[in-house]
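There are 4 protein chains.
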Amino acid sequence: MEVSAKKIALFDAVIALIEDGVDINTLKVSDITNRAGIGKGTAYEYFRSKEEIIIQALFYDVGQRIEKIRRLLRQYTNTKDRIHAVFQWIETDARQKSSFTQLFRMANGSFEFSNSLKEEMARQEGYCKEINDILTAFVEAGVAEGVFRREISPVLQRTALLSQIMSFMIYFHQEDISEAVTVEEMKDFLYENIMRMLG
Amino acid sequence: MEVSAKKIALFDAVIALIEDGVDINTLKVSDITNRAGIGKGTAYEYFRSKEEIIIQALFYDVGQRIEKIRRLLRQYTNTKDRIHAVFQWIETDARQKSSFTQLFRMANGSFEFSNSLKEEMARQEGYCKEINDILTAFVEAGVAEGVFRREISPVLQRTALLSQIMSFMIYFHQEDISEAVTVEEMKDFLYENIMRMLG
Amino acid sequence: MEVSAKKIALFDAVIALIEDGVDINTLKVSDITNRAGIGKGTAYEYFRSKEEIIIQALFYDVGQRIEKIRRLLRQYTNTKDRIHAVFQWIETDARQKSSFTQLFRMANGSFEFSNSLKEEMARQEGYCKEINDILTAFVEAGVAEGVFRREISPVLQRTALLSQIMSFMIYFHQEDISEAVTVEEMKDFLYENIMRMLG
Amino acid sequence: MEVSAKKIALFDAVIALIEDGVDINTLKVSDITNRAGIGKGTAYEYFRSKEEIIIQALFYDVGQRIEKIRRLLRQYTNTKDRIHAVFQWIETDARQKSSFTQLFRMANGSFEFSNSLKEEMARQEGYCKEINDILTAFVEAGVAEGVFRREISPVLQRTALLSQIMSFMIYFHQEDISEAVTVEEMKDFLYENIMRMLG
DNA sequence: CATGAATGAGGGTTCATTCAT
DNA sequence: CATGAATGAACCCTCATTCAT
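Chains U, F, C and V, in that order, are what the protein sequence lines are. 1 is the number of the first residue of the first sequence in full-length UniProt numbering; add one for each residue after it. 1 is the number of the first residue of the second sequence in full-length UniProt numbering; add one for each residue after it. 1 is the number of the first residue of the third sequence in full-length UniProt numbering; add one for each residue after it. 1 is the number of the first residue of the fourth sequence in full-length UniProt numbering; add one for each residue after it.
Here's what the structure looks like:
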């Protein structure tokens, strides 16, 4: 799974462009290669098509983010800290509108891409599964710790947990957080919700 | 806000195409007009660009759906019935992958469209706001009814409510609902969650 | 087999370009459409690819030439006149380097084109066959007339006849007809050859 | 006229590719260098462009073939044997569709190559001329031997000779030699034709 | 109004050529 | 010398938009 420097440069360019708010569907190859500081033709030494570049860039990015959250979660020994770690991660990492969008889309499979590339996604050993794995581990630890009720089905537990995580994402994603709810208030509320649902 | 028959025909064509699973980004004008049974040039008598057609079609569709859920909610006098009515609506109306995707995207503003058309969206008096209004009315009724705690901030109440609605959408949206959780179990669990969080 | 005016315009453009000495392999779509006096995109309303345009243009041209020689031959009642008619036709019609080349290639199947289009050629009911038919009719008439020996195999008769026709083509095709042989001398020699071989 | 090993390797690669049926117009530099087993850049140490490589490769190949037929002809002391030697050479050497095609094209100058390289061809001291030389020597020997009539113009004699040689080439080149004419019958017929025309 | 034939700007992709190693 | 990674000019094709009928 070694990835060449040029590939990384292209991935980073795609991510940077997306973070800049460029629509993923209007991305031009020249935009990407210019941003990556390489020639247009060079991209085709490493990828067979524009779509391949973009898809793989997204997977690369999501993979990195997942790895980060995994490492993060390993540092904490109790559920409360882990929940707040996730919130913290969202605040710092998933805050950007664009990358959040991508991750979110992955989470519910609503990627809009040429059908021919949906196969590619299938081949990629689904990050959805990875997210699910993380949630599963999260919930199991909570049960083992005794803070989550054992009798609730794991699926339901994951659903409940994810619902509050998504709520926090949407909170950050909203254009105008006009009505006065501070980040801390929101975090407390969502944490309490999780405990009410699963505790 | 009178809308001509030709416009409706084009809107319906766009919606039908999306429901058929056609990627919104690869929609061609000729696809739309063919489906609508009118000439390609005719579309430009009513709209200034392809994007205008699609955007307005989506708004038209979401508007209809929102109107439907509004009428539906008016039929019920208590919160419990209203919550189940929403679940029922998701089961019947928002089940299709595509239309759900559109609505969902609208709900969190993650439309991916050429920036030039984001203004158009802004001009459209945000359906997000309408969704928010519905949630607000929902929550207020719950408080008036005495089943939701008055001391929770309305923003938080809406957040909690939406989180469980989204969970139900995702439940239907998942490709493989492999693990055995029946629809009824899920609905009960989500309803209980709402009551635990807000009751 | 009705052919639209636009198609004809494109065919004529291709032929004209070839007659001008443009290499068939370096022909650009824009060259063709410019010459035809139509927009680049228009070509794709009538053909699916550049190769399709060129291939069909060549077949169209060869078809016309064959039709012409056919009509021509029908006007004459004896073999001698027919042979000279063919020479005459070569002098006026097949003189151009390029069109000769095309015809010639067809005659021996040495078209160099993307393999994917060889099928197209196959579908076209071989003009090679048509050329063969003309030769066959030619020879049969000669036999009936009593100027060609009946005992020679038709294949051999056609071979002999074609060899002298080709010789005349090559005579015109040569860059420098340095050594003094007049057209009339050549025609007489070739005619005599045919009679010596087949008479 | 010393030719380096690398050049030969490239020439051989081009020839091999052509014999494999690859279209000369779609030949890529990388195809050639890969086949030759050398680096892509190396080709440009010896040639200034792709076309130069291919053109020179073709000349190299034709030169070799001509040399071979020359040696072959020197072995025979009478015209009849020489004619059959040529037929034999066509059967063994010029049988392949591709190399035949190249040679044939050379013979009538119908090379399709970017005009810029036609000059290159001119500079190459025309192999057409060499072929012509061979034909001239052939005819002169026939006259000296007394089997060809002295009063026929050398140009005409060469024309007649070449016409039957070409006929034999076309005979082998035809896809389907469906109609029953054996190689021997054809050779006899063509030999007789030559004698009837020139004897 | 309605149409669809015509258009050409735009962008993905290829591949001959270069040049730093 | 030899290499092959990098390059970008070139070109095919798509499709949103226009406009004559």
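Note that the Cβ used here is the ideal one computed from N, Cα and C, for glycine as well. Since the model is a prediction, treat every value here as computed from it, not as a measurement.
Neighbour list for residue i in chain F, Cβ cutoff strictly below 9 Å
i: Asn132 of chain U; result: Simply none; closest approach about 10 Å.
CB of residue i within 8 Å of CB of residue j, strictly
i: Met197 of chain U; j: Asn193 of chain F; result: yes
i: Leu135 of chain C; j: Leu156 of chain C; result: no
i: Leu72 of chain F; j: Tyr46 of chain F; result: no
i: Val183 of chain F; j: Ser153 of chain U; result: no
i: Ile66 of chain U; j: Trp89 of chain U; result: no
i: Ile32 of chain V; j: Val3 of chain V; result: no
i: Ile38 of chain V; j: Lys80 of chain V; result: no
i: Ile24 of chain C; j: Ile54 of chain C; result: yes
i: Val29 of chain U; j: Ala43 of chain U; result: yes
i: Phe138 of chain V; j: Phe87 of chain V; result: no
i: Ser163 of chain V; j: Ser49 of chain C; result: no
i: Glu145 of chain C; j: Asn78 of chain C; result: yes
Proximity test, Cβ basis, 8 Å: residue i and chain C
i: Ser116 of chain V; result: Per-residue confidence for Ser116 of chain V stands at a pLDDT of 45, beneath the threshold of 50, marking its modelled position as unreliable; no derived number is given.
i: Ser49 of chain V; result: no
i: Ser153 of chain V; result: yes
Amino acids of chain V, ordered along the chain, whose beta-carbon sits closer than 9 Å to that of residue i
i: Ser167 of chain C; result: Thr159, Ala160, Leu162, Ser163, Met166
Contacts that residue i makes with chain U (C-beta to C-beta distance below 7 Å)
i: Asn193 of chain F; result: Ala160, Met197
Any C-beta of chain F under 8 Å from that of residue i
i: Val62 of chain U; result: no
i: Tyr139 of chain U; result: In the sequence on display, residue 139 of chain U carries Val and not Tyr. Chain F, which has no Cβ nearer than 8 Å to the Cβ of Val139 of chain U, makes this no.
Whole-Å CB distance - residue i paired with residue j, under 8 Å assumed
i: Met186 of chain F; j: Tyr171 of chain F; result: 5 Å
i: Gly199 of chain C; j: Val143 of chain C; result: The pair is not a contact, with the Cβ atoms about 11 Å apart (cut-off 8 Å).
i: Tyr191 of chain U; j: Ile18 of chain U; result: Actually they do not touch by this definition, with Cβ atoms about 30 Å apart.
i: Ala16 of chain V; j: Arg35 of chain V; result: 6 Å
CB contact check: residue i to chain U, cutoff 8 Å
i: Leu156 of chain F; result: yes
Under 7 Å from the C-beta of residue i: neighbouring residues of chain F
i: Phe189 of chain U; result: Leu156
Where residue i meets chain C, residues with beta-carbon distance less than 8 Å
i: Ser30 of chain V; result: By Cβ distance, chain C contributes nothing, its closest Cβ being about 18 Å from Ser30 of chain V, past 8 Å.
Min CB distance residue i to chain V below 8 Å
i: Val181 of chain C; result: yes
Within chain F, partners of residue i - CB distance below 8 Å
i: Tyr171 of chain U; result: Thr159
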